[in-house]
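Quick notes on the structure that follows.
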Amino acid sequence: MNASSRVVVGVDGSATSLDAVRWAAREAVRRHAPLELVTSSLFAPGTYGDAISLRIGAFADPDVEAKRVLTAAVDVAHKTAAGNSLILDTRLEHGSAARNLTHFDIAPALIVVGSRGLGEFTGGLIGSVSTAVVSHATCPVAVIKSNIVSDGPVVVGVDCTSNSQPAIGFALQEASMRGVDLVAVHAWSDLELGSVLTRDEDGPWADSELAEKTSLAESLAGWSEDYPDVTIRRVVVQDRPVRELVRAAENAQLIVVGSRGRGGFASMLLGSTSRAVLHSVDVPVVVVPTNR
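First residue of the sequence shown? That's 1414 in this note's numbering, and the numbers climb one at a time after it.
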């Protein structure tokens, strides 16, 4: 197994984790990469574990239940691969599920998690494990919701700083593998639309719009040479980034964002825009670590 190219997916037996397995299996097939299924028992020998690990019955054997969960997930992965070659491995760990999905001797190419696990509240779109994994992973993390579509473009949020470059590269790779367009969204104001500048073709709004379009073009420069098969559609708008990305998600099969944008403090593990997108859209979202 090529450890650095593998796709790792967290499994806990919930419906959303099985959706994540299906998505991860298709991704592994597209990448010609190994797939690793990871589950975590609630109780490590001699400890109590923590609240974001696999929930099991009070009288069940943790390892027996975890193996059952893995067996079911393996079956789902093979059925999803539908005859395509798929190298598959499983790993049973104890203790924190989030830690087991973010601490590796060799980091994977991609980590995949369901939006919420067993026993998590339904009031929010993202559960505690998913949030912890996205916040601490050193590689891209895909958070999978139940709404998985096979058509539509890949959408990437671009803030026109170097922080966007890893996300742009990941999004282009995904668009190329899927044979779809890439929509590059640059929303250049965190304020309400029209609250600062009124649209005047000869006024300051026009100058600002032209400058932002130029910035987006510069951010995308050179990428078309690496991915000549991908049509890149550019969207530049004066609006809140989150609102524009949520709007774009309505017709997308995948949203890609950087973990932190230009307004993010260096100490923050996950920026406000990335966090808001995760909580606001119902299509798969990939969070790509920014240059640190």
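The beta carbon of each residue, even a glycine, is placed where N, CA and C say it ideally should be.
Given the structure is predicted, the values throughout are model-derived calculations rather than measurements.
For residue 1628, collect the residues of the same chain with a Cβ closer than 6 Å to its Cβ; drop the 5 residues on either side in sequence, then sort them by chain order. In the same chain as residue 1628, and ignoring 5 residues on each side of it, the C-beta atoms closer than 6 Å to its own belong to 1573, in chain order.
Can you give the Cα-Cα distance for residue 1701 and residue 1599, rounded to whole angstroms? Per the coordinates, the alpha-carbon of residue 1701 lies some 17 Å from the alpha-carbon of residue 1599.
Below 8 Å between beta carbons: does that hold for residue 1556 and residue 1593? No, Cβ-Cβ distance for residue 1556 and residue 1593 is not below 8 Å.
For the beta strand (DSSP E) containing residue 1481, name the first residue and the last one. Not the beta strand (DSSP E): residue 1481 falls in the alpha helix (DSSP H), residues 1475-1494.
At least three beta-carbon pairs within less than 8 Å, the stretch 1683-1696 to the stretch 1651-1664: As far as the Cβ criterion goes, the stretch 1683-1696 touches the stretch 1651-1664, which means the pair count is three or higher.
Does residue 1678 come out as helix, strand or coil in the three-state DSSP assignment? Caution applies to residue 1678, whose pLDDT of 40 falls short of 50 and renders its modelled position unreliable; the model cannot decide the point.
By DSSP's criteria, residue 1504 is part of a beta bridge. Which residues make up the other side? DSSP lists 1451 as partners of residue 1504.
Exposed or buried, which one is residue 1496 when buried takes at least 16 other CB atoms within 10 Å? In summary, residue 1496 is exposed, with fewer than 16 beta-carbon neighbours lying within 10 Å of its beta-carbon over all protein chains present.
Taking the alpha helix (DSSP H) that residue 1646 falls in, what are its first and last residues? Where residue 1646 is concerned, there is no enclosing alpha helix (DSSP H), although the beta strand (DSSP E) it sits in stretches over 1645-1650.
Going by C-alpha distance, which of 1672, 1650 and 1646 is nearest residue 1665? It is 1646.
Closest to residue 1644 by C-alpha separation, out of 1580, 1596 and 1669, would be which residue? Nearest in C-alpha terms to residue 1644, of all of 1580, 1596 and 1669, is 1596.
Among 1630, 1416, 1699 and 1703, nearest to residue 1445 - alpha-carbon criterion: When only C-alpha atoms are compared, the closest one is 1416.
Cβ contact check for the stretch 1537-1553 and the stretch 1563-1572: 3 or more pairs under 8 Å: Judged by pairs of C-beta atoms under 8 Å, the stretch 1537-1553 does not touch the stretch 1563-1572, as fewer than three such pairs exist.
Residues bridged to residue 1570 [DSSP beta-bridge criterion]: According to DSSP, which records beta bridges pairwise, residue 1570 is partnered with 1598.
Mind checking which residues open and close the alpha helix (DSSP H) that includes residue 1588? First-last of the alpha helix (DSSP H) with residue 1588: 1578-1591.
Alpha carbon to alpha carbon, what distance is there between residue 1488 and residue 1429? One alpha carbon belongs to residue 1429, the other to residue 1488, and they sit about 16 Å apart.
Any idea which residues DSSP pairs residue 1565 with across the strands? Beta-bridge pairing links residue 1565 to no other residue.
Assuming the contact rule is C-beta atoms closer than 8 Å, residue 1494 and residue 1433 should be a hit. Round their C-beta distance to whole Å, please. About 15 Å separates the two Cβ atoms, so there is no contact after all.
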